[in-house]
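Participant: By my numbering, the letter at position 47 of the sequence shown is numbered 393, and the numbering carries on one by one without gaps. Here a beta-carbon is modelled for each residue, glycine too, at the ideal position from N, C-alpha and C.
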Amino acid sequence: MYECSVSDADFLIQLEQRSFGKDDIDHLWHLRVAWVYLKAHPWPIALQKVVDLLRTERNFGLGDIPYHHTLTIASLRIINVRISKADYNDFCDFLNDNQDLVDDMPSVIKRYYSEKAITSEAAQTSYVAPDLRPIE
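#1: Compute the Euclidean distance between the alpha carbons of T438 and D372, then round it to the nearest angstrom.
#2: Which residues in the same chain as E482 place their Cβ atom closer than 7 Å to its Cβ, once the five residues preceding and following it in sequence are excluded?
#3: Among residues of its own chain, excluding the 5 on either side of L416, which ones have a beta-carbon nearer than 7 Å to its beta-carbon?
#4: Smallest Cα separation from W389: which of D450, S353, F440 and S430?
#5: Measuring only the C-alpha atoms, how far is Y434 from I424?
#6: So which of S353, N444, D369 and M451 has the shortest CA-CA distance to S421?
#7: Kindly give me the distance between the Cβ atoms of W377 and L447, rounded to whole angstroms, as I take these residues to be in contact under 8 Å.
#8: Considering Cα atoms alone, identify which of D369, F366 and I419 is closest to L384.
#9: Applying the criterion that 16 or more other CB atoms from any shown protein chain within 10 Å of the CB defines a buried residue, is A392 buried or exposed?
#10: What do you get for A432, buried or exposed, if any count of 16 or more other CB atoms within 10 angstroms of its CB means buried?
#11: Within 10 Å of its beta-carbon, does V382 have 16 or more other beta-carbons around it, so buried, or fewer, so exposed?
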């Protein structure tokens, strides 16, 4: 069971002010980035904000993993679909109902993408549509 010590509003402020450090960035941080932007903005704006943040976090010396455009968009789409299918009170409520996103996001992605598609050079820098089934 997850508990949120920082409100979504405060987390969003931290993102906008870039007041986070390298130790803050982990898988749950990435999930929460998606959550707060998707809850605060319509899809196209949320998408752009997440992409901009993740592309630039490396420039702040914060990210060790190279940016992967298809993984970013696919993950965001999966989270957006799940948000739309239930009424969550907050991020922790969302996490508790979507444990697979926390425990094994790679397996969730593999429901939609073959290994060849998701690991392609094109998928790193531009969006590659799912080749196994649509994200819906």
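Facilitator: Short version:
#1: According to the sequence displayed, residue 438 carries Cys and not Thr. The straight-line gap from Cα to Cα measures roughly 16 Å.
#2: V427
#3: Reading off the sequence shown, one finds Thr at residue 416, where the question assumed Leu. Contacts found: I464, A469, Y473 and V474.
#4: S430
#5: 15 Å
#6: M451
#7: The question names Trp, but residue 377 in the sequence shown is Leu. Correct: roughly 6 Å between the Cβ atoms.
#8: I419
#9: So A392 counts as buried.
#10: exposed
#11: The residue is buried, with at least 16 neighbouring Cβ atoms inside 10 Å.
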